[in-house]
Amino acid sequence: MSAETARAALTPMKVMVKRHGLLVRLNHWVNVIALVLLLGSGLQIFNAHAALYWGKASNFDHPWFSMYAERSKDGAQMKGFTTLGSAKVETTGVFGASKLDGKWQDQGFPGWMTVPGGEFDLTNGRHWHLFFAWVFAVNGLIYLVTGLIGRHLIRDVLPSGRDLKTIFKDPHLRLKFSKGPESARYHQVQKLAYSGVVFLLLPTIALTGMTMSPGLNAAFPFLLDLFGGRQSARSIHFICANLIVAFVIVHLLAVILSGPLNQVRAMLTGKLAIIPSDEEAHS
Amino acid sequence: MNRRTWLRGLLAGVGATIAAGCEKVATAPPALKMLKVAEKWNQGAQRAIIGRHALAPEFTEADISRTFKANGTRRPFDEEYNSHLNSGFSGWKLVVDGLVETPLALTLAELRALPSRTQITRHDCVEGWSCIGKWKGARLSALLDQARLKPEAKFIVFHCMDTLGSSKYYESIDLVDARHEQSILAYDMNGAPVSVEHGAPLRLRVERQLGYKQAKYIGRIEAVASLKGIGGGAGGFWEDFGYEWYAGI
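Here's what the structure looks like:
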């Protein structure tokens, strides 16, 4: 056996296959930019009144979630607190009170998390949020409409009945990532997660955002009934933002575990490298 | 240089630029000018969707907030205001002037005699909180009919008697909102005269917009063709600090 044939036998052949369409890739990266800026500016807006309520109006004595600062008597020190229901946790330095350039700030989320960064700035936080809300909404609508017409969403993303029945057999739950042809399609857990984000989480965060608009309340009063009032809509909006962050963390972990360069390249160029001979772990 | 190193370099470069430039870019005037186009999109879209006449949601007596938070000025320090307050606003008159055929000066009794409206509505502060209250006041459209707007009048400016920071508070709305059924000059709140912290003797209610539009301590109403030349020129106290003039979201 020559050296070359030996190496060929040891190194499996890689083949580039078409993975993501151009429009989906554009949608994906526009969404990345919009969601990052919406999250940062959303935290900035939250800081203007770092408390969440259920119902139509604010019951100031009973937020279900809040962040606040307590000053020492001389005012030089600050303690930050975060409350959830009746639980209260000291979160000095991160939530409620944090330092900025050596000075204590009475701020819900710290300045390094917000857009714009640094000191509290509701004015510009709103400008960023309301601009990128349009970017997010238009981008999302293009994705949904083209995905439904082109059947990408139904064919590739929505889980089938069979997918749901075999969901616990998905090898990805055991953190087993195929490098074979199976890696060029969405698997059961991924389909369920993506569908939840695309059809539930993102539309809910858009609609609860609209429900907080006193102008749109006049046009769509039923949205207030759907979400249980403006303050409930604000709470749900915040919860959805947290769920999106949770999704993104899992999504990025899966990218790292399944070959980050290959996956990021596929989302940029559309082509994914697979090893056709790789045996499937699928049942 | 192969594609992989090129890509890595690009990503690293973008990352560093974002980290270093975020704060500066986020508050740089050109960036903000671009972002502020969203206000025009929101105004255009909302006006098209909502229509002139759609009402802001109204609530029941049971929904009225026990604590209605007051924001902005809570106790004006202005001498003129305080002398009116001390005399129970007996010598106070609301001035209506600018681009009107018949300038007016109305006492509280005369305002109470105008066609009125009572509404239980939700007040949404730009900060995120909401309170529900019952407001009774003179229909703004009735007042404008009495003063007879000149055709060139495009905006209604509300000059307030309180100084916030270093300048007088003021607000403005266009004729679509000024003519709206729920736009009232409220003299009663929750069945009693509007308290000082909520804007005695008269505050605007323009229910399809945020709280900073609901001008308190109104002393004068002026009809104008343009908002340039009034205050900082942006149409309101907070607008001069960068807030959106159209506050429907």
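Protein chains in written order, with the working numbering: chain A, 10 to 292; chain B, 135 to 383. Beta carbons: idealized from backbone N, C-alpha and C, even for Gly. Because the structure is a prediction, the values reported are computed rather than measured.
| task | Could you check which residue in 264(A), 205(A), 236(A) and 88(A) has the C-alpha nearest to that of residue 105(A)? | result | Residue 105(A) has its Cα closest to that of 88(A), out of 264(A), 205(A), 236(A) and 88(A).
| query | Would you say residue 309(B) reaches chain A, if we count a Cβ-Cβ gap shorter than 8 Å as a contact? | reply | no
| task | My understanding is that residue 26(A) touches residue 283(A), with C-beta atoms under 8 Å, so please give their C-beta distance in whole angstroms. | result | Contact flag correct, Cβ pair sits at about 6 Å.
| query | Taking the beta strand (DSSP E) that residue 4(A) falls in, what are its first and last residues? | reply | Since the first residue shown for chain A is 10 and the last is 292, residue 4(A) is missing from the structure and cannot be characterised.
| query | Around the Cβ of residue 295(B), are there at least 16 other Cβ atoms within 10 angstroms (buried) or fewer (exposed)? | reply | buried
| said: Going by DSSP, what residue range makes up the beta strand (DSSP E) through residue 114(A)? | reply: 112-116
| request: Taking only the alpha-carbon atoms, compute the straight-line gap between residue 292(B) and residue 357(B) and give it to the nearest angstrom. | output: 9 Å
| Taking just the CA atoms, how far does residue 211(B) sit from residue 76(A)? | Note on geometry: alpha-carbon atoms of residue 76(A) and residue 211(B) lie some 32 Å from one another.
| request: Could you tell me which of 301(B), 317(B), 226(B) and 376(B) sits nearest to residue 308(B), measuring between CA atoms? | output: 317(B)
| query | Looking at residue 220(A) and residue 233(A), is the spacing between their C-beta atoms short of 8 Å? | reply | Contact flag set, yes.
| query | Counting contacts by CB-CB distance shorter than 8 Å, is residue 176(B) in contact with chain A? | reply | Interface residue (Cβ-Cβ distance to chain A less than 8 Å): residue 176(B) is classified as such.
| In chain order, each alpha helix (DSSP H) run of at least 4 residues that lies wholly inside the stretch 157-195 of chain A | 170-174
| query | residue 180(B) versus chain A: which residues are under 7 Å apart at the beta carbon? | reply | 224 and 225
| 8 Å contact criterion, which residue 34(A) and residue 277(A) should meet: CB distance rounded | At roughly 7 Å, the Cβ-Cβ gap stays under 8 Å, so residue 34(A) and residue 277(A) are in contact.
| task | List in chain order: all unbroken beta strand (DSSP E) runs of 3+ residues lying wholly within the stretch 307-342 of chain B. | result | 318-323 and 337-339
| Taking one C-beta from the stretch 231-245 of chain A and one from the stretch 201-219 of chain B each time, how about it: are there three or more such pairs within less than 8 Å? | Touching, no.
| request: Determine, using beta carbons only, whether residue 217(A) comes closer than 8 Å to chain B. | output: no
| query | Nearest CA to the CA of residue 70(A): which residue from 227(B), 201(B), 258(B) and 324(B)? | reply | Here the closest residue by C-alpha is 201(B).
| query | Would you call residue 86(A) buried or exposed, if buried means 16 or more other Cβ atoms sit within 10 Å of its Cβ? | reply | exposed
| message | Can you check whether the C-beta of residue 135(B) is within less than 8 Å of a C-beta belonging to chain A? | response | A caution first: residue 135(B) carries a pLDDT of 47, below 50, which makes its placement in the model unreliable, though a value can still be read off. False, the Cβ-Cβ gap to chain A never drops below 8 Å.
| task | Give the DSSP bridge partners of residue 264(B), in chain order. | result | 258(B)
| Mind pulling the chain A residues with CB within less than 9 Å of residue 294(B)? | Within chain A, no residue comes near residue 294(B); the closest Cβ sits about 20 Å away, beyond 9 Å.
| request: In the DSSP assignment, find the unbroken alpha helix (DSSP H) run with residue 457(B) in it and report its ends. | output: The requested residue 457(B) does not occur in the structure, where chain B is confined to residues 135 to 383.
| field | Interface residues of chain A facing residue 199(B) [CB-CB closer than 7 Å] | value | 66
| task | Report yes if the C-beta distance between residue 264(A) and residue 273(A) is below 8 Å; otherwise report no. | result | yes
| task | Quick one: using the 10 Å Cβ neighbour count with 16 as the cut-off for buried, is residue 10(A) buried or exposed? | result | Below a pLDDT of 50, predicted positions are generally treated as unreliable, and residue 10(A), at 49, falls in that range; the measurement from the model is reported next regardless. Burial call: exposed.
| task | Rounded to whole angstroms, what's the CA-CA distance from residue 171(B) to residue 140(A)? Just pull it up for me. | result | 8 Å
| What's the C-alpha gap between residue 365(B) and residue 239(A)? | 33 Å
| said: Less than 8 Å between CB atoms is the rule here; does residue 189(B) satisfy it with respect to chain A? | reply: yes
| request: Determine the chain A residues that contact residue 208(B) at a beta-carbon separation under 7 Å, and present them in chain order. | output: Within 7 Å Cβ-Cβ: nothing; residue 208(B) doesn't reach chain A, min ~16 Å.
| query | In chain order, which continuous runs of the alpha helix (DSSP H) of length 4 or greater are located wholly inside the stretch 266-292 of chain B? | reply | 274-281
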